[in-house]
Amino acid sequence: MVRAQKWASLKDGDVFKIPLGDGRAAVGQVVSSYLSAYYVVIFDFVASEEEVPPLVTEALQSEPVFAGLSRDALFRPGRWQVLENRTVDSRKYLPAYKVGWQAPGEYMVVDFSGERMRPATELEKEILPNRTTLSAAIFEDALRAHVGLEPWRDSFDDLRAEKNVKSADLFRD
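Residue numbers for the sequence shown follow full-length UniProt numbering, beginning at 1 and rising by one.
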């Protein structure tokens, strides 16, 4: 009888290595979870795959380049390998979203956890995204393009960490 392999669940603060396919790797961190997805931040840090584990502190001090909700698909076969767990200040990263409300054109701003909401301003209606969950492979492709291994696609712009409006800023955490 063949048994399905059990995979460890990801935890807030898990730091992971993302191989780029050329002997180098980048570093990301799980910031939080929402339902069955994980909010990940990928840092603007690249080193040889062997050098990444001792450089985790340096990597986490780098600027975040990409961020978003994703599934654990690339963790399960071990392609994205968890290195260790570090404390993460979720207020620095977790975004706010807009959600449609009772009538067309009406929106509410909701914090990352989905626990707090309020009516959206006109500006928030324009700049806040709807909550979406993306394939981990999209983040990997964007990262490979960021370091020049693949052509850049305009859709990668939506993954940029600096585009996110933080829940903490809108709800005064």
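All C-beta atoms in this analysis are idealised placements derived from N, C-alpha and C, irrespective of residue type, glycine included. On a predicted model such as this, the values are computed, not experimentally measured, just so you know.
Indicate whether at least one CB of chain C lies closer than 8 Å to the CB of residue i.
i, result
"residue 126", "Absent from the structure: chain C. Only one protein chain is present."
Quick check on DSSP: helix, strand or coil for residue i?
i, result
"residue 131", "coil"
"residue 111", "coil"
"residue 75", "coil"
"residue 149", "coil"
"residue 27", "strand"
"residue 56", "helix"
"residue 126", "helix"
"residue 116", "coil"
"residue 141", "helix"
Looking at the strands, I want to know which residues DSSP matches up with residue i.
i, result
"residue 100", "107"
"residue 68", "40"
"residue 46", "26"
"residue 88", "In DSSP, residue 88 forms no bridge with anything."
Cα separation between residue i and residue j?
i, j, result
"residue 119", "residue 107", "6 Å"
"residue 135", "residue 122", "30 Å"
"residue 53", "residue 143", "19 Å"
"residue 114", "residue 23", "39 Å"
"residue 128", "residue 105", "14 Å"
"residue 64", "residue 117", "26 Å"
With distances taken Cα to Cα, identify the nearest neighbour of residue i among the options.
i, options, result
"residue 158", "80, 139, 169 and 54", "139"
"residue 17", "133, 171, 32 and 60", "60"
"residue 87", "57, 165 and 148", "57"
"residue 165", "19, 142, 47 and 90", "90"
"residue 77", "170, 105 and 19", "19"
"residue 124", "24, 141 and 170", "170"
What I want to know is whether the C-beta of residue i ends up closer than 7 Å to one or more non-hydrogen atoms of the ligand NAD.
i, result
"residue 99", "Ligands displayed in this structure: none; no statement on the ligand NAD is therefore possible."
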